[in-house]
Every structure is written in structure tokens, then in C-alpha cells.
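Participant:
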Amino acid sequence: MVLSQRQRDELNRAIADYLRSNGYEEAYTTFRKEAELDNNEELDKKFAGLLEKKWTSVIRLQKKVMELESKLNEAKEEFVSGGGPLGGQRRDPSEWIPRPPEKYALSGHRSPVTRVIFHPVFSVIVSASEDATIKVWDYETGDFERTLKGHTDSVQDISFDLSGKMLASCSADMTVKLWDFQSFECLRTMHGHDHNVSSVAFMPNGDHLVSASRDKTMKMWEVQTGYCVKTFTGHREWVRMVRPNQDGSLIASCSNDQTVRVWVTATKECKAELREHEHVVECVSWAPDAASPVILEATGAEAKKGGKPGPYLLSGSRDKTIKMWDISTGICVITLVGHDNWVRGVLFHPGGKFILSCADDKTLRVWDYKNKRCQKSLAAHEHFVTSLDFHKTAPYVITGSVDQSVKVWECR
């Protein structure tokens with residue numbers, strides 16, 4: 001590969017900087033002369049340490065390339081030998097589930113991990129902790145990348161916008177913060193809740209955030225200005241989690257009052273109050289479109305004339321159960337029983353066939369909800385498992401725990 005004149009010039013200046021800063025004066029003088037660099041011209045600061053930076057980034061890229069090549073070879077071998085780790089029929093990606101042992105156990109937080117999420121674009125995961133920090137990790141290499149500091153108390157929840165350029169966080173310090181995920185600077189801090197802010201989520205349009213608090217309210221914030229534009233009231237106790245549906249027309253929330261509520265975003269009207277849990281409801285998660293055919297089969301429901309079934313919502317509770325709700329009727333259509341302690345996180349497999357959950361019984365579980373059975377239970381952590389996320393396109397699941405670690409699980 002031939003360098004352009006500009007690239008050659010930049011390389012020469014970087015070499016000159018390296019020679020000078022490492023004390024090779026004679027070589028530096030000779031090189032400047034032979035490379036025809038102007039002796040009277042001072043080297044630009046941007047070339048300071050550039051050669052070393054390029055060198056280390058090449059080594060890092062080389063390491064990634066080698067890892068990817070070895071993964072590719074493994075995948076080819078698996079493909080040729082007929083699929084799964086033990087041969088036999090190849091499993092469809094929509095049926096890939098996490099397999100032990102974990103690929104990485106990431107440590108760095110000094111207190112329990114409260115939330116873990118995948119970046120929507122890059123091979124990055126972000127974790128929040130009671131140590132008041134947010135940490136960024138590369139899930140392909142297991143490398144720690146950086147810490148975001150700004151909150152003064154436990155960080156309770158984090159959320160990316162769809163582009164992954166913005167990160168929102170909320171904390172027991174009663175604030176919601178917005179971060180630029182390219183410069184890693186805090187853009188603004190939103191005040192308005194009167195107690196611990198336990199949950200935050202970007203609306204799908206990226207223009208608004210919604211938050212939930214121990215002050216029993218949910219608030220909607222304008223991203224551009226940081227102004228609170230709506231307050232949703234109705235829960236009688238601490239609101240634990242808030243999640244908008246895929247088009248942002250509905251918002252689900254759950255609370256210590258043992259209910260799940262679904263709100264119409266535009267009018268703030270409570271469309272449904274779901275009341276079958278017997279303890280605090282910790283988490284909620286909307287069903288993706290991919291799950292609709294399986295849900296219809298599992299529940300024996302008819303597809304609505306001229307419309308999609310549902311929508312369907314999952315909830316997990318301290319009563320140790322997971323429930324699936326048909327929001328159009330307000331009826332609980334499936335209850336999954338098996339966890340031995342509080343359920344802390346629940347979500348659908350991106351393929352729609354399974355539900356994944358984590359709990360204070362230290363397990364990560366995969367449910368075949370069509371047959372109402374636990375298909376796999378992984379002893380995930382040494383302590384309560386507080387959070388999980390499934391990558392939308394790559395075969396990875398992550399979990400966070402009171403044991404202060406984040407674990408990366410490969411699916412196959």
C-alpha cells in the first residue's frame with residue numbers, strides 16, 4: 001500500500017517527534033534533513049506521541065483480528081461438523097441460549113452492580129453500580145474502557161438512545177443525567193423528583209426520557225432542554241421500573257404497590273392496572289414482534305381482526321413469579337414459577353421463543369414459555385443477580401450482581 005504525500009508527511013513528522021522526545025538528537029537532525037522537514041519549523045503538538053499511539057492501536061487491532069479469525073475458524077468447524085458443540089443438527093440463532101461457563105467475569109465496581117446494558121451499535125457494555133459510578137467495557141475482549149463519574153449516590157438505571165450516541169442515567173441522588181457517549185461528558189442534569197430515581201428509559205424517538213421514582217411518580221423529560229414536560233401519577237408506592245413500548249405510544253411501570261400499570265403516553269391516562277402479583281413488582285419488559293406467533297400458540301389466543309395481537313408485557317416480582325399480560329384485555333395469560341427468590345430482571349429472547357430472567361436465587365434462567373417450563377438454569381453469580389440484557393443481534397447475554405461483578409455469557 002502506497003502512502004499519499006500527506007500521509008508520508010505526517011509519518012515523517014511523527015518519526016521526528018519520536019526521535020527527539022527519546023533523545024536521539026543526531027538521528028533526529030539527520031532524519032529532518034533527509035526527510036526535508038523545515039529546520040526552523042516547530043513540530044506540531046498533535047504529533048507528540050503519535051507514533052506510539054499508532055503502534056499500540058495496531059497491536060490492539062491485530063489482537064482483535066486474531067480473535068475474530070479464531071472465532072471464524074471455530075464457527076466453520078462447527079458448521080462443517082453439523083452444528084452444535086456436540087455435532088448433530090444446527091440450532092437456529094433464534095434458539096441460541098446462554099451456556100456456562102461465562103466468557104468473562106468483569107470486576108472493577110466497589111459496590112453491587114444495579115444495571116447492565118448493551119450498546120446498540122458498538123461491542124460495548126455499560127454497567128451502573130451502588131458505588132455511584134458507570135463503567136464501560138468491551139464485551140468481545142473483556143477489557144475495561146472507562147468510568148463515568150458525576151452522580152453522588154447509587155446509580156440505579158441506565159439507558160441508551162437508539163443511535164447509542166446518548167446515555168441516560170438516574171440515581172438515588174434524586175437526579176437524571178444525560179451523557180454524550182462520544183465525548184463521555186455529562187450534558188445536563190435533570191432535577192424534579194423528590195426521592196430516589198429508580199428507573200430511566202429513552203423514548204424510541206430519542207427526543208424524550210421517562211423516569212420513575214420512589215416519590216411515587218413518573219416524569220417525562222425533553223432531551224434537548226432538560227425540562228420536565230409530563231408527570232404521571234397513580235401508583236401508591238415507590239415506582240421501581242419504567243419502560244416504553246417499541247413505538248413509544250405506551251409506557252409500562254411497576255411498583256411496590258404490587259401493581260403493573262400501562263399508560264398512554266400522549267394523554268397520561270392509565271390504560272391498564274394489572275393486579276395479580278402478591279409482592280413488590282421489580283421489573284417489566286415488552287414483548288417484541290418476533291414473539292407474537294409463539295405467544296398466540298402458547299395462549300391459544302386469536303389474532304385480532306386487522307391488527308396485531310396483544311401487546312404483551314412481562315413482569316417479574318418479589319413473589320418469585322414471572323407473569324405475561326395481554327394489555328388489550330388486562331388478563332394474565334401465563335405465570336412462570338420456578339425461581340426460589342425475588343425476580344429482579346426479565347426479558348424476551350430476541351428470537352421470541354424464550355424468556356430470560358435473573359433473580360436473588362443467584363440464577364439466570366431460560367424459560368420455554370410455550371410449555372411453561374424452565375429450560376435451563378445457570379448458577380450465574382456468587383450473590384443476588386440484579387440485572388440482565390440480551391444483545392439484539394449478537395449471541396451474548398450479560399448479567400450484573402450484588403457480588404460487584406458483570407458477566408458476559410456466550411449463546412449457542
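Using the UniProt record's numbering, read the sequence shown as starting at 1 and increasing by one per residue.
Just so it is clear, CB atoms sit at the ideal spot from N, CA and C, and this is done for glycine as well.
Use the C-beta contact count for Lys33: other C-beta atoms within 10 angstroms, 16 or more gives buried, fewer gives exposed.
Facilitator: When all chains shown are included, Lys33 counts as exposed.
Participant: Tell me Lys219's beta-bridge partners as DSSP assigns them.
Facilitator: Partner(s): Ser211, Thr231.
Participant: With 16 other CB atoms within 10 Å as the buried threshold, where does Arg146 fall?
Facilitator: Classification of Arg146: exposed, given that the 10 Å Cβ count is below 16.
Participant: Could you compute how far the alpha carbon of Val406 sits from the alpha carbon of Gly400?
Facilitator: Taking the straight line joining both Cα atoms gives about 5 Å.
Participant: Could you name the residues of the same chain whose beta carbon sits closer than 7 Å to that of Arg20, not counting the 5 residues immediately before and after it, in chain order?
Facilitator: Counting only Cβ-Cβ distances below 7 Å, and skipping sequence neighbours, we find Tyr28.
Participant: To test your reading of the DSSP string, which unbroken beta strand (DSSP E) runs of 3 or more residues are found completely within the segment 310-335?
Facilitator: You should have 312-317, 321-326.
Participant: Quick one: Cα of Gly83 to Cα of Phe202, how far?
Facilitator: Any reading at Gly83 must be qualified, since the residue scores a pLDDT of 47, below 50, and its modelled position is unreliable; the value itself is stated next. Taking the straight line joining both Cα atoms gives about 38 Å.
Participant: Look up Leu86 in the DSSP assignment and say whether it is helix, strand or coil.
Facilitator: Residue placement at Leu86 cannot be trusted, given a pLDDT of 45 that sits under 50; the coordinates are not used to answer.
Participant: Check whether the segment 165-182 and the segment 130-150 touch, using three or more Cβ-Cβ pairs below 8 Å as the test.
Facilitator: A contact exists between the segment 165-182 and the segment 130-150.
Participant: Which runs of the beta strand (DSSP E) spanning at least 3 residues fall entirely within the UniProt repeat "WD" (148-189), listed in chain order?
Facilitator: The UniProt repeat "WD" (148-189) contains these whole beta strand (DSSP E) runs: 155-160, 166-171, 175-180.
Participant: Compare the C-alpha of Thr152 against each of Glu297, Lys54, Asn196 and name the closest.
Facilitator: When only C-alpha atoms are compared, the closest one is Asn196.
Participant: By Cβ distance, which residues of its chain are closer than 6 Å to His277, with the 5 residues on each side in sequence left out?
Facilitator: Closer than 6 Å at Cβ, skipping near neighbours: Gln258, Ser317, Asp319.
Participant: For Val284 and Asp326, I'd like the C-alpha separation in whole angstroms.
Facilitator: The alpha-carbon atoms of Val284 and Asp326 are separated by roughly 13 Å.
Participant: Under three-state DSSP, which class holds Thr299?
Facilitator: The answer is helix: DSSP assigns Thr299 an H, G or I state.
Participant: Cutting at 6 Å between CB atoms, please list the residues of its own chain near Asp368, excluding the five before and the five after it.
Facilitator: Contacts found: Gln375.
Participant: Since Thr386 contacts Pro112 with CB under 8 Å, what's their CB separation in whole angstroms?
Facilitator: Confirmed, Cβ separation roughly 7 Å.
Participant: Pick out whichever of Met324, His349, Val337, Lys372 has its Cα sitting closest to the Cα of Ala394.
Facilitator: Nearest option by C-alpha distance: His349.
Participant: Which of helix, strand or coil does DSSP assign to Ala16?
Facilitator: Helix at Ala16.
Participant: Secondary structure at Cys411, three-state DSSP: helix, strand or coil?
Facilitator: DSSP places Cys411 in strand when its eight states are reduced to three.
Participant: Pick helix, strand or coil for Asp289, following the three-state DSSP scheme.
Facilitator: Three-state DSSP puts Asp289 in a helix.
Participant: Take every Cβ of the segment 247-255, pair it with every Cβ of the segment 221-231, and state whether three or more of those distances are shorter than 8 Å.
Facilitator: No, they do not touch.
Participant: What does the alpha-carbon distance come out to for the pair Met220 and Trp286?
Facilitator: Each residue's Cα considered, the two are about 19 Å apart.
Participant: Roughly how many whole angstroms lie between the Cα atoms of Lys177 and Gly234?
Facilitator: Roughly 25 Å separates the two Cα atoms.
Participant: Relative to the alpha-carbon of Asp138, which residue among Tyr104, Met166, Ala168 has its alpha-carbon at the smallest distance?
Facilitator: The residue with the shortest Cα to Cα distance from Asp138 is Tyr104.
Participant: What three-state label does DSSP hand Ile59 in the structure shown?
Facilitator: Three-state DSSP puts Ile59 in a helix.
Participant: Would you tell me roughly how many angstroms separate the C-alpha atoms of Asn73 and Glu67, rounded to the nearest one?
Facilitator: Rounded to whole angstroms, Asn73 to Glu67 spans 10 Å at the Cα level.
Participant: To the nearest angstrom, how far is the alpha carbon of Lys271 from that of His208?
Facilitator: Whole-angstrom Cα-Cα distance: 21 Å.
Participant: Figure out for me which residue from Gly345, Thr141, Ile158, Gly142 has the closest Cα to the Cα of Leu148.
Facilitator: Closest by alpha carbon: Ile158.
Participant: Can you tell me whether Gln156 sits near the ligand ATP, meaning its C-beta is under 8 Å from at least one heavy atom of the ligand?
Facilitator: The ligand ATP is absent from the structure shown, which contains no ligands of any kind.
Participant: For the beta strand (DSSP E) that contains Thr363, what are its first and last residues?
Facilitator: Here the beta strand (DSSP E) through Thr363 covers 363-368.
Participant: Buried or exposed: which applies to Ile355, given that a residue is buried once 16 or more other Cβ atoms fall within 10 Å of its Cβ?
Facilitator: With 16 or more other Cβ atoms within 10 Å, it is buried.
Participant: So, under 8 Å CB-CB, Leu364 and Leu336 are touching, yes? Tell me the CB distance rounded to an integer number of Å.
Facilitator: Contact flag wrong, Cβ pair sits at about 14 Å.
Participant: Which residues bound the alpha helix (DSSP H) around Ala132?
Facilitator: It is not in any alpha helix (DSSP H) - Ala132 carries neither H nor E in the DSSP assignment.
Participant: Can you find the residues in the same chain that come closer than 6 Å, C-beta to C-beta, to Ser211, ignoring five residues on each side of it along the sequence?
Facilitator: Cβ neighbours of Ser211 beyond the five flanking positions: Cys170, Val176, Val197, Val200, Lys219.
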